[in-house]
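In the working numbering, the protein residues as written are 986 to 1272.
Shown next, in structure tokens, is the structure this report addresses.
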């Protein structure tokens, strides 16, 4: 049996971040060959994860990449098993790399396609190789259930815990305002960016409700229409981004603030970890 020194064990541990005893055994099994030991540990990690494929991944984080001048912008969801792992520095970096590569690379129609692409912060390594190295140390299941890219200038915001994120498609303005409006979206959760985006049947149903309510209150028919317009403005102010009072200055609407800064809001994507929303952008196919 090869003489396994403490220095060899330390070197393997430094490279894999796995426990000392596991590293020592791998070196013993490989006859002191560090590269063979690393490969054996990697395969052991894959087998371990394969056996946990049905594990729940209720934790994780969202990440975005934005460019308010040229675009594109991108958002990804990376799921893991536990909250501590979701906050792990390497996991945070991996999520950010995934979003950056999706935005600045050739695009990806599926998460599997994205995993096969190069990691922006570690040239020469695929994103899946970086993931596998982390998984081999942490031994938790990683999943990436959804990705989206918008081929246009975008701003955005990610909440500090990574569990909610917004990608805001804009024209004009600057990154600071785009981030502020994205924070507003995360807080106020509008259903549409503009009145024109609302489903006409939803608008008509609300209008009918307000007309029936006015009639039940005994209002004269000749003033009901004017009353309804006022009530519909309140309706829009509740669910339409441009019509909502801006959270940082509720004396102005979001639309008014954006217009004053030369910004046009084109749309938004609001994601919550583990949830599906009506405002998700379609994943962009590889170009």
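In this text, a Cβ means the ideal position worked out from N, Cα and C, and glycines have one as well.
- With fewer than 16 other Cβ atoms from the protein chains shown falling within 10 Å of its own Cβ, residue 991 counts as exposed.
- In the DSSP secondary-structure assignment, residue 1256 is bridged to 1150.
- Within the same chain, and ignoring the five residues on either side of residue 1095 in sequence, no residue has its Cβ closer than 6 Å to its Cβ.
- The residues 1062, in chain order, have a CB closer than 6 Å to that of residue 1131 in the same chain once the five nearest residues on each side in sequence are set aside.
- Per DSSP, reduced to three states, the secondary structure at residue 1106 is coil, with no helix or strand assignment.
- Sequence-distant Cβ neighbours of residue 1070 in its own chain, meaning closer than 8 Å and more than five residues away, are 1044, 1076, 1123 and 1125.
- Collapsing the DSSP output to three states places residue 1052 in a strand.
- Scanning 1078, 1146 and 1136 for the CA closest to the CA of residue 1093 turns up 1136.
- In this structure, residue 1088 places its C-beta atom within 8 Å of the C-beta atom of residue 1057.
- When secondary structure is reduced to three states using DSSP, residue 1216 falls in the helix class.
- Between the alpha carbons of residue 1226 and residue 1150 lies a gap of roughly 16 Å.
- If the five residues before and after residue 1102 are omitted, its C-beta is found closer than 8 Å to the C-beta atoms of 1086, 1090, 1091, 1093, 1111 and 1112, all from its own chain and listed in chain order.
- For residue 1133, the enclosing beta strand (DSSP E) starts and ends at 1128 to 1135.
- The beta carbons of residue 1060 and residue 1254 sit closer together than 8 Å.
- Look at residue 1230 here: in three-state DSSP terms it is strand.
- Residues of the same chain with a CB within less than 8 Å of the CB of residue 1169, apart from the 5 flanking positions on each side, are 1226, 1229, 1231, 1232, 1233 and 1239 in chain order.
- DSSP places residue 1080 in the uninterrupted alpha helix (DSSP H) bounded by 1074 to 1089.
- For residue 1059, the enclosing beta strand (DSSP E) has its first and last residue at 1058 to 1065.
- For residue 1068, the CB contacts under 8 Å within the same chain, skipping 5 residues up- and downstream, are 1044 in chain order.
- The DSSP-derived three-state label of residue 1113 is helix.
- DSSP places residue 1250 within a strand segment (E or B) once states are collapsed to three.
- Residue 1139 is a Cβ neighbour of residue 1052, given a cutoff of 8 Å.
- Taking the C-beta atoms as reference points, residue 1143 is found no nearer than 8 Å to residue 1250.
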